[in-house]
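If you use this note's numbering, the sequence shown corresponds to residues 223 to 555, in order. From the three backbone atoms N, C-alpha and C, an ideal C-beta is built for every residue, glycine too. Quick notes on the structure that follows.
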Amino acid sequence: MTMHYPTIFSVLLLIPLMSACAISQVDTEIQRVTFPEIKPLPPGPFEAKPYRIRSGDVVSIKFIHNPELNETVPVRSDGRISLAMVGEVTGAGLELAELRATISERYKNLVANTGYGEVLKEGDNLEIRLVYNPEYNQAVIIRSDGLISLPVVGEVQAAGLRPGELQKRLVKEYQKHLKKPHVAVLVGPNTAKKIFADEAFISVALSKPAQQDVFVGGEVLTPRVVGFEGQITTLQAIMQAGGVKETGDLSKVVILRRGKFEQGEWIQTNLSNPILGKSLQNDVVLRNGDVVVVPMTGIAKVDLFVKQYIRDVLPIQSGFSISIVPVDAAGKR
């Protein structure tokens, strides 16, 4: 048999050209759809809704002049936090600024009712100094009966008095024994400090937000609770649940909303459109506690009806099959 080498060589040369033509015919177009109704935020700061504290949040409370009162506390399931000396304070549902005002008011009431940090009490340690008579200087502790014992003047009531009031009382007592006594009252480190309870001296910040959850069920591969931080959309939550089954109807997804701080709502949205580049706003942003339900398609409902009420109930032999034939209004197939 005679081999035609020029012909074979020509065919080999044509193969790359044919491949190039085939590649050039592949549709490589990229489609982009913009949604004028959904615009990016303008540059610079923007105002958002104030954050409301929720159970499970961790809040940080700091006193500028009283660091001994600083706390980082979780908000319990009952919505309360526990603070030193003032006890329980309701935090859930409040804005951070509102919680700061509440804390300020509670500590102001503590000071007003008990004189804490402003009047001397049992157990406080003091140093009494007489500038021109140092031989009478004395370090004392207020006894459980509220008295202190000093040289020359004996016992003096101290508990319940402010340091300035005690100083004036001691001057009167020493004047009975000394000429022009100059008395100074110094409080020790164990004496309670004055509480600066004005809002300007208190800061309240969110240290760690609570886990946010939405519930995704219906015709998804893995119905589950989906946790998120920040923001999540309905499609994102469905993808987290494994995506939609073949029996799922994305055009009639239902969202049930009954959060503590929002109006209860039943929302139905068509999520087929965003996938096709239409109505991106249909991909609703979810909120904590939302329930997302993907319903069955109409065909899937018919199949389920046939299975539950015909195949599983009627004594149909396995050799027979049932088919659903659509019929129009005139009764024609």
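Inter-residue spacing [alpha-carbon to alpha-carbon] between residue i and residue j
i: Ile489; j: Met461; result: 19 Å
i: Ser246; j: Ile252; result: With a pLDDT of 47 at Ser246, under the threshold of 50, the modelled position of that residue is not reliable, and the figure given next carries that caveat. If I take the Cα positions, the gap works out to 15 Å.
i: Lys416; j: Pro272; result: 32 Å
i: Asn412; j: Ile363; result: 10 Å
i: Leu388; j: Pro373; result: 16 Å
i: Gly278; j: Ala319; result: 18 Å
i: Glu293; j: Asp300; result: 19 Å
i: Ser371; j: Ala334; result: 29 Å
i: Ser425; j: Ala314; result: 17 Å
i: Lys467; j: Thr519; result: 10 Å
i: Ser543; j: Glu451; result: Unreliable placement is indicated for Ser543, whose pLDDT of 49 sits below 50; the coordinate value is still reported in the next sentence. Using only the alpha carbons, I get a separation of about 50 Å.
i: Leu400; j: Ile350; result: 15 Å
i: Pro258; j: Arg479; result: 27 Å
i: Gly499; j: Val475; result: 17 Å
i: Val368; j: Glu421; result: It should be pointed out that residue 368 corresponds to Gly in this sequence rather than to Val. Using only the alpha carbons, I get a separation of about 33 Å.
Cβ pair residue i, residue j closer than 8 Å
i: Val281; j: Ala427; result: yes
i: Leu348; j: Val405; result: no
i: Val311; j: Thr324; result: yes
i: Val442; j: Gly464; result: yes
i: Val393; j: Pro385; result: no
i: Val514; j: Ile477; result: yes
i: Glu357; j: Val378; result: no
i: Leu472; j: Ser494; result: yes
i: Arg274; j: Glu317; result: yes
i: Phe423; j: Ile286; result: yes
Among the options, the one whose alpha carbon lies nearest that of residue i
i: Gly376; options: Arg298, Arg391, Gly339 and Gly382; result: Arg391
i: Asp512; options: Asp279, Gly486 and Ile497; result: Gly486
i: Ile303; options: Gly337, Arg276 and Lys394; result: Arg276
i: Arg298; options: Lys394, Ala432 and Ser494; result: Ala432
i: Gly470; options: Leu478, Glu451, Pro445 and Phe450; result: Pro445
i: Glu327; options: Phe418, Gly452, Ile454 and Glu451; result: Phe418
i: Gly337; options: Gly382, Gly315, Gly345 and Glu293; result: Gly382
i: Asn355; options: His287, Gln453 and Gln397; result: Gln397
i: Gln453; options: Lys467, Val466, Glu468 and Gln434; result: Gln434
i: Asn359; options: Glu421, Leu408, Glu344 and Gly368; result: Leu408
Strand pairing of residue i, partner residues [DSSP]
i: Phe450; result: Gln434
i: Val378; result: Ile370
i: Glu387; result: Paired residue(s): none; Glu387 is not in a bridge.
i: Pro296; result: Val280
i: Arg509; result: Bridge partners of Arg509: none, in fact.
Contact test: residue i Cβ vs the ligand COA heavy atom, cutoff 7 Å
i: Pro411; result: You won't find the ligand COA in this model; it holds no ligand whatsoever.
**Item:** Meets three-Cβ-pair contact criterion under 8 Å: the segment 437 to 445 and the segment 307 to 321
**Value:** no
**Message:** Assess contact between the segment 453 to 469 and the segment 498 to 510, defined as three or more Cβ pairs (one per stretch) separated by less than 8 Å. Is contact present?
**Reply:** yes
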